[in-house]
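Protein sequence lines correspond, in order, to chains V and R. Just so you know, we're using the numbering used here here: the first sequence kicks off at 3 and counts up by one. Just so you know, we're using the numbering used here here: the second sequence kicks off at 45 and counts up by one. Written out below as structure tokens is the structure these notes cover.
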Amino acid sequence: MNSLERVTAAVGFGKPDRVPVIAQILGHAAKVAGIPLVNYIRNGETLAACQLKALERYKYDAVFAATDTSVETEAVGSVLTYKDEAYPFVKQFILKDKNGIENLNLPDPYKDGRMPELIKAAGILRREVADEVLVAGVVMGPMTVSSQLIGMEKALFMAMDHPESFERLLDFSADVSIKFGLAQIEAGAHLALVFDPSASPAVIPPQFFREFILSRHTRVFSELKQGGSAANWLHIAGPVDDILSYYPEAGVDIANFDYCVDPSTALEKLPKTCLDGNIKPLSFVDAASREIAAESDRLLELFGSGEGFILSSGCEIPPESKQENVAAMVSAVRRGGA
Amino acid sequence: MKQKISEQQARDSQSLDRLQELILDGDQAESVTEAKKLCAAGVDKQQIVTKGIEEAMKKLDAKCTVEQFSLLEIMLAGRAVTAVIKELFEDSTPPQTKGCVVLASLEGDVHDLGKNIVKTILTAHGYRVVDCGKDCSLEKLVDSAAQEKALAIGVSGLITSVAPLVRKILPMVKERGLENIKILAGGAALKQATSESLNVDYVSENVFVGVDYINLNVAEVQ
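This is the structure in structure tokens:
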């Protein structure tokens, strides 16, 4: 089996030849290539070259045409600050209050901000790995796009004080996610992972997720599937225990779960959804490789042969992670776990 | 006469209970209205802080200990508390405080929502908080702690790359002979680490256990 076939088998609860392993590597790929992070962030060709170098170094089962969480808001009009060795952040939000929502324009993924660079990266990666390795694009989910357009605090207070305006903002944000995701798929990505950390129960209560977010996730995933996405992959960081049961309703095929979620709970709540997780991200920076290997073995033992499971980190592997730690996770699946 | 006083005390107590409920509900406008009523009834402002706001914070802490809780719920309660304190005290700080805590998000980290929540909750618990802001240098943080005679320093981190900076705080504080200052870390990235690996006194899982730590351990220093 090649990597794409292996991941496809795991997602469909078939029988992969081994457990797939996907290291959620974005900026770390720049470190592997030995170039400044900012070059990776701003240039699609460089990003793709770094991803391919990391794939060659680690030999895992997916590459990512992806960078930071500010791509969408920049394309809509927010102003970012860039630094050489850090992900950019919003210096000036495009939206100041609820009155500006009607004036927001949907970005053109082929023209605005860095979206064209990421589309270029998706195209290069697909050309290079064809259907051997999974090419994953990434879009921010509706709650994260909203909070990146106006700021988290204002977004949350708007939800409480002016729910109708907030829903309009969420709908606009969902449209951004869909448009950008479809463009990535059209360019060559097999799927567009939806990353929505602001929808985490650490930020909003499960009831808020059900009332405001669920229907938007459902719409985003429905559109992406219709646009050719190989699978609907949802990544919400943090303690997602109490919202996992909503994922099937949203059409999720792959559910990321973070380090703070008990794998048994995830299994119990999502028996028919492929899970990916959940090694603690910071441990790739500060733990010894034998600890990563032991944690990988523990997960492999729990999940068995890889039907409905992808070994991964709980969230992004930090850029400054030790290479031997990433390698230790990948090695675990090759030797078949414990 | 005695009966009249006790009736008044009972009414005040009910109003303070009501203020607690409104704060816990995150109802900013009604919380302020209730605080105004208490002031008009002659209830001492400091009593409104200790019996109203601080008690509400204890209840929120207890609720968050047994239930899943989110930033939103704390932010709404925090907003109500801030509005009440602003109503009670012109400079937004109660005159009597338990001491100063200096907060920051360190250089390279521009996320400050968590830090702002800690600021609100510490203020509600009777501390004076000096906020060094986000993207803050270590020098500015330690200078502020020294100038303000801080009891504790709190750093919040949402990105893992600030961990090496956090490790440097303790040596810098010791160099200035300020080793009594407790150093706390928290936030989504930093709470994945141990206090030993971050070289701090305490890694806080959430705002409430952090405040508990300060209440218990700073009191020893005082």
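We put the CB at the ideal spot given by N, CA and C, even for glycine. Just so we're clear, the structure is a prediction, and the values are computed from it rather than from any experiment.
inquiry  = According to DSSP, simplified to helix, strand and coil, what is R:A168?
reply    = helix
key: Member of V:A289, V:R337, V:L184 and V:D255 whose CA lies at the smallest distance from the CA of V:V140   = V:L184
inquiry  = Would R:V128 pass as an interface residue toward chain V - the criterion being a Cβ-Cβ separation below 9 Å?
reply    = Using a CB distance cut-off of 9 Å, R:V128 does not count as an interface residue toward chain V.
request  = With DSSP collapsed to three states, give me the class of V:D70.
outcome  = coil
message = Taking 6 Å as the limit between beta carbons, can you name the residues of its chain near V:A330, skipping five residues before and five after?
response = S291, I294 and A295
ask   = chain V beta carbons: is any one of them nearer than 9 Å to that of R:F252?
value = no
ask   = In terms of DSSP beta bridges, what is V:Q94 paired with?
value = V:V81
key: Own chain residues within Cβ distance below 8 Å of V:T71, not counting five before or after   = Only residues of its own chain outside the window of five on either side were considered, and among them Y89, M142, T146, Q150, F197 and P199 have a CB closer than 8 Å to the CB of V:T71, listed in chain order.
task = Determine whether the Cβ of V:E155 lies closer than 9 Å to any Cβ atom of chain R.
result = yes
query = Would you call the CB atoms of R:V217 and R:G230 closer than 9 Å?
reply = no
request  = Under 7 Å between beta-carbons, which chain V residues line up against R:E117? List them in chain order, please.
outcome  = P207
task = Answer with yes or no whether the minimum CB distance from R:L52 to chain V is below 9 Å.
result = Going by the sequence as given, residue 52 of chain R is Gln instead of Leu. Output row for R:Q52: interface = no.
inquiry  = Just to confirm the assignment, what range does the alpha helix (DSSP H) spanning R:D187 have?
reply    = L182 to Q191
R:S114: contacting residues in chain V (beta-carbon distance under 7 Å) = P203, A204, V205, I206 and P207
ask   = Within 9 Å (strictly less), CB to CB, does V:L28 reach chain R?
value = no
inquiry  = For the stretch 269 to 303 of chain V, list every residue whose C-beta sits within 8 Å of some C-beta in chain R, in sequence order.
reply    = Going along the stretch 269 to 303 of chain V in chain order, one finds K282, P283, L284, S285, V287 and D288 with a Cβ nearer than 8 Å to chain R.
query = Looking at C-alpha atoms only, which residue of V:E166, V:K61 and V:S247 is the closest neighbour of V:P273?
reply = With distances taken between Cα atoms, V:P273 lies closest to V:S247.
inquiry  = For chain V, check one thing: does any of its Cβ atoms lie closer than 9 Å to the Cβ of R:S75?
reply    = no
ask   = Name the chain V residues that come within less than 8 Å of R:Q236, Cβ to Cβ?
value = Y261, K282, P283, L284 and S285
message = So within the stretch 87 to 165 of chain R, which uninterrupted beta strand (DSSP E) runs reach at least 3 residues, ignoring any that extend past its ends?
response = 144 to 149
request  = Take the Cβ of V:T2 as the centre, count every other Cβ of all protein chains shown within 10 Å, and call the residue buried at 16 or more, exposed below.
outcome  = Lying before the first or after the last residue shown, residue 2 of chain V is absent from chain V, which here runs from 3 to 340.
query = Which parts of the stretch 237 to 266 of chain V are runs of the beta strand (DSSP E), unbroken and 3 residues or longer, counting only runs that do not cross its ends?
reply = 256 to 259
ask   = With respect to the beta strand (DSSP E) encompassing V:M142, which residues constitute its N-terminal and C-terminal limits?
value = L136 to M142
query = At a Cβ threshold of 9 Å, is R:S241 touching chain V?
reply = yes
task = Determine the closest residue to V:S175 out of V:V205, V:R221 and V:Q186, with distance taken between C-alpha atoms.
result = V:R221
request  = Please state if the CB of V:A189 and the CB of V:G102 are separated by a distance shorter than 9 Å.
outcome  = No, they are not a contact pair.
request  = Name the two residues that bound the continuous alpha helix (DSSP H) containing V:K33.
outcome  = H30 to A35
task = Check whether the Cβ atoms of R:S57 and R:L66 lie closer than 9 Å to each other.
result = no
inquiry  = What residue range does the beta strand (DSSP E) around R:N243 cover?
reply    = Premise fails: R:N243 is in no beta strand (DSSP E) and is neither H nor E.
inquiry  = I'd like to check one pair, V:I256 with V:S202: are the Cβ atoms closer than 9 Å?
reply    = no
ask   = Say the cut is 8 Å; is the CB of V:E7 nearer than that to a heavy atom of the ligand MG?
value = With respect to the ligand MG, the structure shown offers nothing to examine, as it has no ligands at all.
request  = Can you give me, in chain order, the residues of the stretch 193 to 214 of chain R that have a beta carbon less than 8 Å from any beta carbon in chain V?
outcome  = I203, T204, S205 and A207
ask   = Does DSSP put V:K113 in a helix, in a strand, or in coil?
value = coil
key: Any C-beta of chain V under 9 Å from that of R:G152   = yes
task = Can you tell me which of the three DSSP states R:V174 falls into?
result = strand
query = Can the beta-carbon of V:I27 be found less than 9 Å from the beta-carbon of V:F66?
reply = Yes, the Cβ-Cβ distance between V:I27 and V:F66 is below 9 Å.
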